[in-house]
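Just so you know, the protein sequences line up as chains Z, L, S and C, in that order.
All residue numbers in the first sequence are consecutive under our numbering, ending with 100.
All residue numbers in the second sequence are consecutive under our numbering, ending with 1668.
All residue numbers in the third sequence are consecutive under our numbering, ending with 2411.
All residue numbers in the fourth sequence are consecutive under our numbering, ending with 3167.
Where a beta carbon is used, it is the ideal one built from N, C-alpha and C, also for glycine.
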Amino acid sequence: MVPTQYYLILSAILFGLGAVAFVFKRNIISIFMSIELMLNAVNLAFVAFSQASGKLDGQVFVLFVIVVAAAEAAVGLGIIILTARNRRSLNVERVDLLKL
Amino acid sequence: MPTQPILEYLWIIPLLPLLGAAINGLFGAKWSNTIVNTVALSSTGLSFLCALEAAREFVTDYYPQHHDAFHKAFFDWIVAGNFRAGFDLQMDQLTVVMVLVVTGVGFLIHIYSTGYMAHEGGYYRFFSYLNLFMFFMLILVLAANYVVLFVGWEGVGLASYLLIGFYFLRKSASDAGKKAFIVNRIGDFGFMLGMFLLFRTFHTLDFHDLFNQIAAQNWKPEHMWEFGTMTVAGLLLFMGACGKSAQLPLYVWLPDAMEGPTPVSALIHAATMVTAGVYVVARSHIFFERSETALVVVGTIGCATAFFAATIGLVQTDIKRVLAYSTVSQLGYMFLACGVGAFSAGIFHLMTHAFFKALLFLAAGSVIHAMGGEQDMRHMGGLSKKIKYTFATMFIATLAIAGIPPLAAFFSKDSILLQAFQREGGWHPLYFVGLLTALLTAFYMFRLIFLTFWGQPRYDEHHVHVHESPWNMLGPLVVLAVLSVIGGWVAAPALWGGKDYFSEFLAPVFGSGEAAAAVDEAAAHNLEWKLAIVAVITAVLGIAVAYWFYVRQPKKPEDLAKSMQPVYKTLLNKYYVDELYAAAIVGPLVWLSENVLWKVVDVEAIDGTVNGIAHGATGIGDTVRHAQSGNTRSYAVWVVIGALAIILILFWPALHALVAPAQAAVTR
Amino acid sequence: MSSVTSFLTQAGGFWVLTIIKIALLLFIVLTVNAYLTWFERKVVALMQSRIGPHRVGPHGLLQPAADGLKFLFKEDAMPAGVDKFLYLLAPFLALTLALASMAVIPFGPDPLPFKFFGHQIDLWITNPQIGLLVLFSITALGVYGVALAGWASNSKYPLLGGLRSSAQMVSYELSMTMSVVGVLLMANSFSLTKIISDQDSSAHGFFSWNFIPQIVGFFCFFISAIAETNRVPFDLPEAESELVAGFHTEYSSFKFAMFFIAEYTSMITVSALCSILFFGGWNSPFPGGSVWQFTHYLPSLILIPFGLWVIYDGIKYETIWGRLVLPGLGTAIAAMGAALIVFPTVNEYVQGPFWLLGKMLFFLFFYVWARGTLPRFRYDQLMNIGWKLLLPVSIANVVITAAVIVFRGMK
Amino acid sequence: MTAPLLIFFLLAAVAVIGALSLILQKHPIHSALSLIVVMVALAGLYLLMGAEFVAAVQIIVYGGAIMVLFVFVIMLLNAGEEEHTDFSKIAKFAGLPLALALTGLLAAAMVRHGGSVANATNPDSLADTSKISMLLFSTFVYPFELTSFLILVAIMGALVLAQREKS
């Protein structure tokens, strides 16, 4: 058997990498994807805990996370398409009208 | 099918008028008067029938079996901690009397109104309000605990406010409405305090439990708890009663309430609502019986009010105002009765008063109707020929109120005075003032009659053409006239050594209350005769004086007024009480709220704080807003920093220990 | 232990066996693929009253081999400005996934009568608890092959083809999955073998198959499966008349062949799936029992006459080559049939695979049939059918099935 | 080193490499592909843990639907290589170190506290899909219904966003 801790560490690393991508990328879509990466890392942790505790709740939560991610993708990508249409750019740093 | 159908479903009685009110209020605007009539009359009429049936069931079936009040909890209304206020209704002899009076007189007045209000605007509105009033009044009298009673109490206040201000386009009317409402608030304040005190002491507001608890404390006259809970509670409740029943010093609203349509004055401000105070005192008699102080206060105030109002009534010229002051004075009588512990007598007078005073108002309304809206008696006179029926009925009522046997008020007043006289311990002043008031009453009532119906017409005959009212107005007058004749006979046998059926009927409620007044039969009997004769003599005297003044030498009153200018003025201006209140209470309040509450507290403190906070927020915002660069990546970094902080706090033991208590607080 | 870990803990012999199985299956599938093209061309030709391929080998039986060689030796051109990695990745992805899906399909009920170093030999590579889900996940990933191919070739038509296909596959995946749920509810499991054994026909024959209660589900599934495999009438990603050749316009020679093979493989998979989910897999349509015993000789009853016919046809074939080969082939086939009669044990053993293959063949024929007859949909029609017809119907089917199951209290 | 452990490290390596390439790839579609790789690797890990259903759903929904959507959008917008701008100073200087610090801290926290997690009692129970569904429809039924509502809202939102405003 693989110790649960390994999974947890892996999920931590993946989450961190997701965070790095989150601050590092400029392309809206890539940023979005990095968020998905973080979600996946969290899912991994969930499943690991569920396996460790022998309960299924963790997996159920993974399902919920996936559903939410799907909804988020649908809406988020819609927004992205609109932004791209209006701003003619996918670079988040060029989409900075939302300020004082 | 329960054995006592209506009794089991007691709520049907108040519900019917509510339905009527709802229907008329919601849809009546579109409907013709006929439909509105049908709804209003059928609802009240039905509830009257139900009340009759319920009374029958209670008296014939229920009471003989259980020897206790019928009490039914319909649903829990408020349940908080150990406080429970259920929507409970109860039925006992007292309730029977009240319910029958309310529904019966109310029904008659509804009929009358269909004629009186026929040409008024807002017809449906009027009947909707009237039904609403019936609903609340029935709740009030049927209530089985103080909370529900208070609901009815406030409800009738609301209805009366609405109806006084019925002609809300007239400023005086709306002012009168507000006045009534506010003055009542003062009384209600006391009433609520009373309820709180009772709940705090006995942990229940349910009549049944409450009274049983008190009765359980085996109480003997010698250790009457002076200044005890009983006194305070009784006086607080009585304060509420003063507000509702227009006793000193809170009577000022009632005369102004005459701004409302006459049927309203008849129903609310003569027959039913204003007697609610008396009802409450009677209902809570158990406190007063246990507190001499409370009794003294009630008696004195009642007596004072009776006399005071009567004196004002002497000189009023507005026909309805005269009746208003007479109402106040009669209410004073009832409280006098309660004050001397003659609760059943008080209720008796309440009933008879409901009959003849309603009759008086309705007749007055009929007169006003005939005069085309004229209310000033100085512009009337000689109407007796033109409106016979009105005259006849009103004359009967006047005889009744004057206390001429064998009419209703004779018996009720008589028993009040009798018991005032019989009560030991320096209560005689009350008796004598009462007697004097009877004299005055007879005088000013007949002054009214003479001014209105006798002598030469003092109005321009071509302009005003007097006409008798339609039958749907006269009908109720006749019925009420009959009632005010025979209404008192239930107590009549007392004079011939028989027994007073009315007080006997109410005995289960008031129980030992009258026992105090029970002295040996024979003495009591011939004393009763003596007092009765005295009372009749005073009444006749009053009538004679009035006749002499207003029929023989119509000039005399003016001369008298001139010769006793100050007294006359004082009376005419009602002892300047309104002005006094305005100066003593209203003025300072206005000044306080304007100069302190508004200019200091509101502007400086509250607004200052709020604006200060707002300014602070703006200032902070101005400095912090630069963080909002609009650049998503910067935001991302901020998010990361936040996450870092959280992790540090969660997993760094030192920091965690630092926030642990807060966490615990949150989780708890 | 979860199935994966149980695999991992198997002894080495198991792995050898599995690898052998995989190799065998690959070989079979590829051959079948090859001859499927031949089959298709022949059938369509007959439908259009042509002769079809008959130059290479008798009745053009060697045509597939010729095509394969042609693919191998053609120049492998790569357009300028393509994204190399993806351009190469796409066909591999498509083919690998298509082939991988074969791994979970069970071909027969009982293992071979002999053992391989003490490991029993099942007629499937693996039979996971969630076989169906595995299939679906593989199909789901299958989109990328097409989409990436379209994107990577850096050209308009392929891009459009890729877009279309990704949209189309995503939309039809929904209704496909939904339409199967009814079956899952009835079998109460994802395992294909469980689903098959659930519709065991030994009692009532084919009345116990799923396609009777799940007829709606079946049609939804089959239609969306056709769309999922980009076949006529849903072959918009490669619509010749509109987009040259769609997503594989820029692909030549063997990379093109990969897409080709992938498509046909997925056809086979879908046919297998149809027959497994709705037509009782390897169950014979006839009830068990002595009365229907004779049906067990159906394989022979088909093989022997066919073989004889092939011999007869071969003798009067125009080319010498044909006159030599075809009779031999015929004799082989007839001999096979005879052998089945001679060895009843083998015959019994063959029943399962026979029926399954027969059903698959029928569905494959159906594919070809559809291609031969139906016109292509317009794109909006395609989307409307997917979203406004199939999806609601299949969902309704699920609801009704669930209701019935709950109502009858069966678990 | 047992076989599961071996597989774990293999998949973990794949996942991490995929994540790294998600960061390093200039072109969004490559990032998308690397993300898909990560997801598939994670699915493998789920299988390894015996969570078969979740693994399948991970591939079907994440790999087969969500990421397809991403790829689709990338293709639709024909997104090119991302330009390398650095308008956000804080992100330029503080961003990377902070994120790395986050990674390190998380890992450290897991190393310190993750060990306390007890190991599986009976892992094969996790393989049971029907148990999950029971849980989903008994304990978590309200969240479940809520998610359906969420999806409905998302659909409407997507429609509203995606339709071209009629002029």
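Nonlocal neighbours in the same chain, by C-beta distance under 8 Å from residue 1226 of chain L, ignoring five residues either side
Because residue 1226 of chain L carries a pLDDT of 46, less than 50, the predicted location of this residue cannot be relied on, and no value is offered for it.
For residue 2204 of chain S, count neighbouring C-beta atoms within 10 Å of its own C-beta (all shown protein chains included) and say buried if the count is 16 or more, exposed if not.
Counting Cβ neighbours within 10 Å, residue 2204 of chain S comes out exposed, since fewer than 16 surround it.
CB-CB length for residue 1144 of chain L against residue 1071 of chain L, believed under 8 Å:
About 5 Å; that satisfies the 8 Å criterion.
Determine the DSSP secondary structure at residue 1518 of chain L, reduced to helix, strand or coil.
Here residue 1518 of chain L scores only 49 on pLDDT, less than 50, and its place in the model should not be relied on; the value that follows carries that caveat. Correct three-state label for residue 1518 of chain L: coil.
Along the beta strand (DSSP E) that carries residue 1089 of chain L, what are the first and last residues, could you check?
Bounds of the beta strand (DSSP E) holding residue 1089 of chain L are 1083-1091.
Residue 3014 of chain C: contacting residues in chain Z (beta-carbon distance under 7 Å)
Correct list: empty, because the minimum Cβ distance to chain Z is about 11 Å.
Where does residue 1200 of chain L land, buried or exposed, given buried means 16+ other C-beta within 10 angstroms?
A residue is called buried when at least 16 other Cβ atoms come within 10 angstroms of its Cβ; residue 1200 of chain L does not meet this threshold and is exposed.
Can you tell me where the beta strand (DSSP E) holding residue 1078 of chain L begins and where it ends?
Note, residue 1078 of chain L: beta strand (DSSP E), 1070-1080.
Status (buried if at least 16 other CB within 10 Å, exposed otherwise) for residue 3058 of chain C:
Its Cβ being crowded by 16 or more others within 10 Å, residue 3058 of chain C is buried.
Do the stretch 1397-1412 of chain L and the stretch 1440-1447 of chain L touch if we need at least three Cβ pairs shorter than 8 Å?
Segments in contact, yes.
Quick check on residue 2187 of chain S - is its C-beta less than 8 Å from some C-beta in chain C?
Closer than 8 Å to the CB of residue 2187 of chain S there is not a single CB belonging to chain C.
Which bits of chain S does residue 3132 of chain C rub up against, with CB to CB less than 8 Å?
Result: empty, since nearest Cβ-Cβ is about 12 Å, beyond 8 Å.
For residue 1651 of chain L, decide whether its Cβ has a neighbour in chain C, counting only Cβ atoms nearer than 8 Å.
Closer than 8 Å to some Cβ of chain C, the Cβ of residue 1651 of chain L qualifies, so yes.
Would the beta-carbon of residue 1636 of chain L fall within 8 Å of that of residue 23 of chain Z?
The Cβ-Cβ distance between residue 1636 of chain L and residue 23 of chain Z falls below 8 Å.
Cα-Cα, which of L/1204, L/1100, L/1032 and L/1424 is closest to residue 1054 of chain L?
Of the listed residues, the one whose Cα sits closest to residue 1054 of chain L is L/1100.
Minimum Cβ-Cβ distance from residue 1637 of chain L to chain C less than 8 Å:
Yes, because at least one Cβ of chain C sits closer than 8 Å to the Cβ of residue 1637 of chain L.
Do the stretch 1120-1133 of chain L and the stretch 1170-1187 of chain L make contact, defined as three or more Cβ pairs closer than 8 Å?
Pairwise C-beta distances place the stretch 1120-1133 of chain L out of contact with the stretch 1170-1187 of chain L, as fewer than three of them are shorter than 8 Å.
Quick check on residue 1630 of chain L - is its C-beta less than 8 Å from some C-beta in chain Z?
For residue 1630 of chain L, the answer is yes, since a Cβ of chain Z falls inside 8 Å of its Cβ.
Excluding the five sequence neighbours on either side, which residues of its own chain have a C-beta within less than 6 Å of the C-beta of residue 2041 of chain S, listed in chain order?
2052 and 2053, listed in sequence order.
Check each candidate in L/1493, L/1537, L/1383 and L/1441 and name the one with the smallest Cα separation from residue 1461 of chain L.
It is L/1383 whose Cα lies nearest to the Cα of residue 1461 of chain L.
Could you tell me which of S/2389, S/2409 and S/2013 sits nearest to residue 2217 of chain S, measuring between CA atoms?
Ranking the options by Cα distance to residue 2217 of chain S, first place goes to S/2389.
Minimum Cβ-Cβ distance from residue 1640 of chain L to chain Z less than 8 Å
It does: the Cβ of residue 1640 of chain L has a partner Cβ on chain Z nearer than 8 Å.
Shorter than 8 Å from the beta carbon of residue 3102 of chain C to some beta carbon of chain L?
It does; some Cβ of chain L falls within 8 Å.
Name the DSSP beta bridge partners of residue 2120 of chain S, please?
According to DSSP, which records beta bridges pairwise, residue 2120 of chain S is partnered with S/2115.
Go through its chain and collect everything with a Cβ distance to residue 1574 of chain L's Cβ below 7 Å, but skip five positions before and after it.
Hits under 7 Å: 1312.
Residue 2173 of chain S versus chain C: which residues are under 7 Å apart at the beta carbon?
What residue 2173 of chain S touches in chain C: 3064.
Cβ pair count under 8 Å reaching 3, the stretch 2314-2334 of chain S against the stretch 2364-2374 of chain S:
Short answer: they don't touch.
What three-state label does DSSP hand residue 1376 of chain L in the structure shown?
Taken through DSSP and simplified to helix, strand or coil, residue 1376 of chain L comes out as strand.
Please check if any C-beta of chain C sits within less than 8 Å of the C-beta of residue 1645 of chain L.
By this cut-off, residue 1645 of chain L is not an interface position.
Residues near residue 8 of chain Z by beta carbon distance below 7 Å, same chain, minus five either side
Once the five neighbours on either side are set aside, the close Cβ partners of residue 8 of chain Z are 45 and 48.
Answer with yes or no whether the minimum CB distance from residue 1625 of chain L to chain C is below 8 Å.
Not flagged as an interface residue toward chain C: residue 1625 of chain L, since no C-beta distance is shorter than 8 Å.
Put residue 1118 of chain L into one of helix, strand or coil per three-state DSSP.
It is coil, neither helix nor strand.
Let me make sure I understand the geometry here. Which of S/2148, S/2257 and S/2209 has the alpha-carbon closest to that of residue 2084 of chain S?
Answer by Cα proximity: S/2148.
Residues of the stretch 2159-2184 of chain S with Cβ closer than 9 Å to any Cβ of chain C, in chain order:
Contact residues of the stretch 2159-2184 of chain S toward chain C are 2159, 2162, 2163, 2166, 2167, 2169, 2170, 2173, 2174 and 2177 (C-beta to C-beta distance below 9 Å).
For a test of the three-state rule: what should DSSP assign to residue 1206 of chain L, helix, strand or coil?
Three-state DSSP puts residue 1206 of chain L in a strand.
With contact counted as at least three CB pairs below 8 Å, one residue from each stretch, are the stretch 1461-1473 of chain L and the stretch 1562-1572 of chain L in contact?
Taking 8 Å as the limit for Cβ pairs, the verdict is that the stretch 1562-1572 of chain L does not touch the stretch 1461-1473 of chain L.
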